[in-house]
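Enquirer: Letter 164 of the sequence shown, counting from 1, is numbered 174 in the working numbering, and no numbers are missing.
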Amino acid sequence: MIEIPSDLHKDLVPLAFLLGNWAGAGVHDFPGSEKCNFGQEVTFTHDGRDFLEYRSHTWVLDNDGNKVRPLESEHGFWRIDADRKVEVTMVRNDGVVEVWYGEMAKQKPQIDLVTDAVARTAASGPYTGGKRLYGYVKSDLMWVGEKQTPEVELRPYMSAHLKKVVTPEEVERWAKALPDDMPDDGIAFFK
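1. Using a Cβ distance threshold of 8 Å, determine whether the stretch 89 to 103 contacts the stretch 32 to 41, with at least three qualifying pairs required.
2. My parser needs the beta strand (DSSP E) runs of 3 or more residues fully inside the stretch 32 to 93; what are they?
3. Identify the continuous beta strand (DSSP E) that holds His19 and give its terminal residues.
4. Would you call the stretch 143 to 153 and the stretch 38 to 49 touching, i.e. three or more CB-CB distances under 8 Å?
5. With burial defined as no fewer than 16 other Cβ atoms inside 10 Å of the residue's Cβ, what is the status of Lys157: buried or exposed?
6. Using only alpha-carbon positions, find the residue among Leu172, Gly75, Arg165, Ala170 that is nearest to Pro41.
7. So, for Asp122: in the same chain, excluding its five sequence neighbours on each side, which residues have a beta-carbon less than 7 Å away from its beta-carbon?
8. With DSSP collapsed to three states, give me the class of Leu29.
9. Can you round the beta-carbon distance between Pro136 and Glu163 to whole angstroms, since I take them to be within the 8 Å contact cut?
10. What's the call for Asp91, buried or exposed, on a 16-neighbour Cβ count within 10 Å?
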């Protein structure tokens, strides 16, 4: 279910499907780096202004699904215009700053992005750009990222399947919104 907060800036309504806390797992595979499974936590929030704030943390998982060590962290801001053009500014823990542009698909919650500008610190590794695809599929958030360096052509390097994290406060709010005439036994609810 996509919920549109009453205080969400009107320009951000098409991006409302991103709002909330997400968690899940994915695969990381790029030449010169360790191939691994990773866990991820993503948060999209808003404060009433015309952007969403984005935070992502990933970590390497062992074969049993336990956290081993941090992998990547990102922080950024997402905007969308009246023509469904999306703009993302993002900074990563490895010293890369990016500007991404793309668009939201018509009639479905899907966003295609490509880097427009990349700035790197002296400490960051080689990186020249990338592409990303985000989609809201059956109430889950899925994404795939492609990456290129001077030595490696553009290719997929990370993808993940994330589930919405529900807080106790959200459950309480939903419970209060249920009609008063709900059946007592729960079975009649499904008849």
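Using N, Cα and C, we set each Cβ at its ideal position, and we do this for glycine too.
Expert: On the basis of the data shown:
1. Touching, no, given that fewer than three Cβ pairs across the two stretches are closer than 8 Å.
2. 46 to 55, 62 to 71, 77 to 90
3. Element bounds for His19: n/a, residue is neither H nor E.
4. Segments in contact, no.
5. buried
6. Looking at the Cα atoms, Arg165 is the closest of the given residues.
7. Gly112, Glu113, Leu143
8. DSSP places Leu29 in coil when its eight states are reduced to three.
9. Actually they are not in contact, since the Cβ atoms of Pro136 and Glu163 sit about 13 Å apart, beyond 8 Å.
10. exposed
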